[in-house]
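For the record, the sequence lines run as chains W and H.
Residues 49 to 328, numbered by my numbering, are exactly what the first sequence covers, in order.
Residues 19 to 466, numbered by my numbering, are exactly what the second sequence covers, in order.
The C-beta atom is built at its ideal place from N, Cα and C for all residues, glycine as well.
Since this is a predicted model, take the numbers as computed values, not measurements.
So the structure is just underneath, and the comments pick up after that.
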Amino acid sequence: MRKATAISAGLHAAVLLWATLSFSGKTFDVTPAESLPVDLVSEKDFSQITKGVKDAPKVEMPKPMAEKKAEEPPKPVEEAKPKITEKKEVQAAKDSSPPEPQKAQPDPIAEKIKQQDDPKQTKLDQPLPPKKPPPKPQPKFEPDKIAALLDKRDPQRVAAAGPELNEASLGAVNGTAAQLSQSEIDALRARLKQCWNPPVGAADASKLYVVFRVLFKRDGTLQTNPVLVEAPPSQVGPVLAESAKRALLQCQPYTMLKPEHYDQWKDMQITFDPREMFGG
Amino acid sequence: MSHSEFSRANNSCSVTRRRLLTGAGALAVLGSRPASAVLKLDVTQGNVQPMPIALPDFVSGGQGEGDTGRNVTGVITNNLQRSGLFAPINPAAFIEKITNSDSVPRFPDWRAINAQALVTGRMTRQSDGRLKAEFRLWDVFAGTQLDGKQYFTTPDNWRRIAHIISDAVYERLTGEKGYFDSRIVFVDETGPKDRRVKRLAIMDQDGAGVRYLTRGDDLVLTPRFNPSTQEITYMSYGQGDPRVYLLNIETGQREIVGNFPGMTFAPRFSPDGQRVIMSLQQGGNANLFVMDLRSKQTTRLTDTPAIDTAPCYSPDGTRICFESDRGGSQQIYVMPAGGGAAQRISFGDGHHSTPVWSPRGDYIAFTGQARGNFAIGILKPDGSGERVLTEGFHNEGPTFAPNGRVLMFFRDVGQGPALFTIDITGRNEAKVPTPSYASDPAWSPLLS
C-alpha cells in the first residue's frame, strides 16, 4: 500500500515536472501586423467612382482573340446579270395595218446546192470528245504551319469571343469621382445663410428674389464683384440685392470648396430668396 | 429747408433700380452660355440680425461746429440703435479717423472692425448763418457710396436734421421708410395717484424736446394726431360732460368738435384729416358718429343697443375698425366707412379692444385682455394671423409708427404708466424716456 502510494506520488510528480518544463517554453511573440493604409470613402464617393457615365465617349477596347480563325472565305463571283436598265420599251406596232406579203419566196433547190458547197456545216454535226475537268487546287504544304494543319477543331468565323467587358462599369478615367459633394454645397449654403442679413422691408414683398452670378478663384475668394443677373422689379429689390452682395463679399474666402473640384464651383449662380423665411 | 442730392462718387458698382428692371435682359445674355457649366444654388434662409454700422462723428466744416457734429451723430446713433435693426459700433474700435467727409474712406480699415455700413458727414456754418449738413452712406464691403445728401437749416434745428439723416440711412439700408422724423403726443402724468395732474405733451419720437400743450386744469385723454396738419384731437373732462376737442399745436387754439347732447369720446381723424370719427354716449349705449370738420355736418354710423367705440379708419379711408360688445364681450369689428354691416374679426382668447389700423394697412393692433393680463397684439384686417407681441399686468393703447413697423403703447406695472416701443415682430422692446409718468401715446405722421 505504501509502495503503491509512493509510486503514484512519484509518477504524479514526474508528470507535473515534465509538464512544467515542457509547457513553460518561450513566450509567444506577437509580431505586430503592419498597418494598412485605409481610405475612408463615403457611399456617395464610391458610387460616383463606379458609376458609369451616360455621355462619356465610347472607349474602343481591343477584343480578345479567338484561338483559331477561319480562313478568309473566297469572294463570291459576281454573277453576270444582264442589266435591266437599258431595257428597251416594247413598242407597240404603230401601224395596225396587216404586214406586207413577202415578195420573194425561198427556193429549196438553191438551198441544197449551197449546203453542199459549205464544208464547215458538216463538221459541226459530229460529236466532240469529252473535256477534262480542271485539277483541284491543292493546299500548299508549308512547314511553318504544321500546328495549324494538325488542329482539327472547327474554325470560328469571328475573332471576338465571349461577352465584351463593360469598361464603364469599372469607372472611367474621366468619371465623376471628382464631383463636388453635397456636403460642400451644404457648407457653402450654411455659410451664406449665416452671412446674409435680408432687409426687413423684404418681408412685405410677396414675390422677391435676386439671382447673382459669382465667379470664384481657386482659393475660394471672389474673382470679381458678384453680377446681378435676375430680379423682379420691386421697391425693396435694390436693398435686397445689396444685402446679398454684401453677404457674398463679406464671407469670402469660401474654404469649404475644395480646390480639386474647382472646375465645378468656379462659376455659380446663386439665388437669394427670402420668401420662405418671412413666411411668404 | 432745402436739400439736394449731390453727386455720387464711385457708384458704378451699386445696384440701381434700373439695373434691377433690366436684370431679365442681362439674364438672357448670360443664358447663352452653356448652362451645364454653372452650378446653381438657392439660399432661402438668412440671419436677421442688427446690421453693424459705423458712425464716426460728423466733421466740422468751420470753427466751432465740432459739438454740433458730435450731437448729430449721437442722435443718429441713438435712433438707429433703438430701431433694433442696427448695431452701432463703439467709436473706440475705429481704425481710420475721418477728417474729410468728401474723400473715399479706407474700406479695409472699416472691414477690419466688421462694419457693414459707414456714415460720414460734415456740419458747416454758412456765411448767412444757416447750418449746412452733409452726409454720405457707404457700403463697406462693396466699397460704394449708397447715398449722399445735404441739407440747410437754422442752427437750432440740428436735431431735426439728425432725424432726417437717420430716416435716409434707415430707408436706404432696410428698403422701407423710416419713422425718426416724427413726434409723439401723449398724456403726461404727475402728482400722487389720487390727485394726478394730466397734461397733454408733445415730444420727438426719441423722447427729446418735450413741450406741454395744456395746463393740467382739465383731465385729458386719448389725444390723436391729424394725419395732414399740425392738429390734434383729444377728449377732455372740463366743466360738464367730457367733450372732444381740436387743438392746433402751433397756435394753441382750441375748439369743441360738435355739440352733442351727451358724452363724446374716443375721437380719431380720417386719413385725409377732414373728418373726425368718435363715440357718442346716449343712455347706456354708445354709437359711432363722424363729423365733417368744414361743414360741421355729423353722420350716424352705427345704431345698436351696445357700446361701439374706439373707431379707426383704414389708411385708404374705405373701412372702419371699432370695438363693440354687441356680441356679449368686447371684440373688434370692421365695417364700411359709410356705415353698414359690421363683421367681427377678433375671435382669440378674451377681450379685444382699442383697435388701430396700421398706416401700411396690413395689420390692426389691439389691446387684448385675457386671464387678468393685458396684452398688445396684432391681427390682419380679415381676422387672421392674430399674434400677441407683449403681455403683462397692464399694457394698453397701441399706436403705429408712420412706417407701420413699430408700435408704441403704455405699460403700468404698479407705480405709474410709462411709454414703450416694440417691433411688430415682437422683438426689441424699449422704454421711451419721458419726464414723468406718461400714457395714451399717439404717433404723428412723418414731418417731412
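Using a CB distance below 8 Å, the part of the stretch 228 to 244 of chain W facing chain H consists of Leu228, Ile233, Leu236, Arg237, Leu240, Lys241, Gln242, Cys243 and Trp244, ordered along the chain.
If you check the CB distance, Thr247 (chain H) and Val262 (chain H) do not come in under 8 Å. Along the length of the stretch 375 to 426 of chain H, whole beta strand (DSSP E) runs at least 3 residues long occupy 382 to 388, 391 to 397, 405 to 410 and 413 to 418, reported in chain order.
Taking 8 Å as the threshold, the shortest C-beta distance from Glu324 (chain W) to chain H falls below it. Within the stretch 278 to 291 of chain W, the residues whose Cβ lies closer than 9 Å to any Cβ of chain H are, in chain order, Glu278, Ala279, Pro280, Pro281, Ser282, Gln283, Val284, Gly285, Pro286, Val287, Leu288, Ala289, Glu290 and Ser291. Runs of the beta strand (DSSP E) lying entirely within the stretch 186 to 267 of chain H and spanning at least 3 residues, in chain order: 201 to 208, 215 to 222, 237 to 243, 249 to 255 and 261 to 266.
Not a single C-beta of chain H is nearer than 8 Å to the C-beta of Pro307 (chain W). Using a C-beta cut-off of 8 Å, the stretch 85 to 102 of chain H makes contact with the stretch 179 to 189 of chain H, since at least three inter-stretch Cβ pairs fall below that distance. The beta carbon of Asp334 (chain H) lies closer than 8 Å to those of Pro289 and Gly379 in the same chain, with the five residues before and after it left out.
Counting only Cβ-Cβ distances below 8 Å, Arg294 (chain W) has contacts in chain H at Gln134, Asp157, Phe159 and Ala160, in chain order. Taking a beta-carbon distance threshold of 8 Å, Gly92 (chain H) does not count as an interface residue toward chain W. Gly422 (chain H) sits buried, since 16 or more C-beta atoms from the chains shown fall within 10 Å of its C-beta. Contact annotation for Pro246 (chain W) against chain H: Gly64 and Val66 [CB-CB distance below 8 Å, chain order]. Residue burial annotation: Gln361 (chain H) is exposed, with fewer than 16 other C-beta atoms found within 10 angstroms of its C-beta. Among the residues facing chain H, Gln271 (chain W) is not included, as its CB has no counterpart in that chain under 8 Å away. Gly58 (chain W) and Ala52 (chain W) have their alpha carbons spaced roughly 10 Å apart. Sequence-distant partners of Arg261 (chain W) (beyond 5 residues in either direction) whose C-beta falls short of 6 Å from its own C-beta, in its chain, are Val275, Val277 and Gln317. At a C-beta separation below 7 Å, Lys58 (chain H) has these neighbours in chain W: Gln317. When 8 Å is used as the limit between beta carbons, Asp321 (chain W) is near these residues of chain H: Asp60, Val61 and Thr62, in chain order. For Lys167 (chain H), the enclosing beta strand (DSSP E) has its first and last residue at Thr162 to Thr171.
Under the three-state reduction of DSSP, Ile440 (chain H) is assigned to strand. Ranked by Cα distance from Gly139 (chain H), the first of H:Leu425, H:Trp128, H:Asn175 and H:Leu155 is H:Leu155. Residue environment for Asn108 (chain H): exposed (fewer than 16 other C-beta atoms within 10 angstroms of its C-beta).
For the stretch 190 to 212 of chain H, the residues whose beta carbon sits under 8 Å from a beta carbon of chain W are, in order, Arg190, Leu191, Thr192, Gly193 and Glu194. Membership of Ser297 (chain H) in the beta strand (DSSP E) is indicated by the continuous run Arg293 to Gln300. About 4 Å separates the Cβ atoms of Ile113 (chain H) and Asp127 (chain H), confirming a contact at the 8 Å cut-off. For Gln349 (chain H), the enclosing beta strand (DSSP E) starts and ends at Gln349 to Pro354. In the three-state scheme derived from DSSP, where H, G and I count as helix and E and B as strand, Tyr310 (chain W) is classed as helix.
Unbroken alpha helix (DSSP H) runs of no fewer than 4 residues, entirely contained in the stretch 73 to 141 of chain H, are found at 84 to 101 and 125 to 130, following chain order.
Neighbours of Met69 (chain H) in chain W, taken as residues at a C-beta separation under 7 Å, are given in chain order as Asn245. Ser95 (chain W) sits in a helix when the DSSP states are folded into three classes.
When C-beta distances to chain H are compared with 7 Å, the residues of the stretch 258 to 269 of chain W below that value are Arg261, in chain order.
Of the residues assessed, Pro373 (chain H) falls on the buried side of the cut-off, its CB having 16 or more other CB atoms within 10 angstroms. Among the CB atoms of chain H, one or more fall inside 8 Å of the CB of Leu297 (chain W). Taking each of H:Pro420, H:Phe392 and H:Gln433 in turn and checking the Cα distance to Gln223 (chain H), the smallest one comes out for H:Pro420. Exposed is the label assigned to Tyr230 (chain H), since fewer than 16 other Cβ atoms lie within 10 Å of its Cβ.
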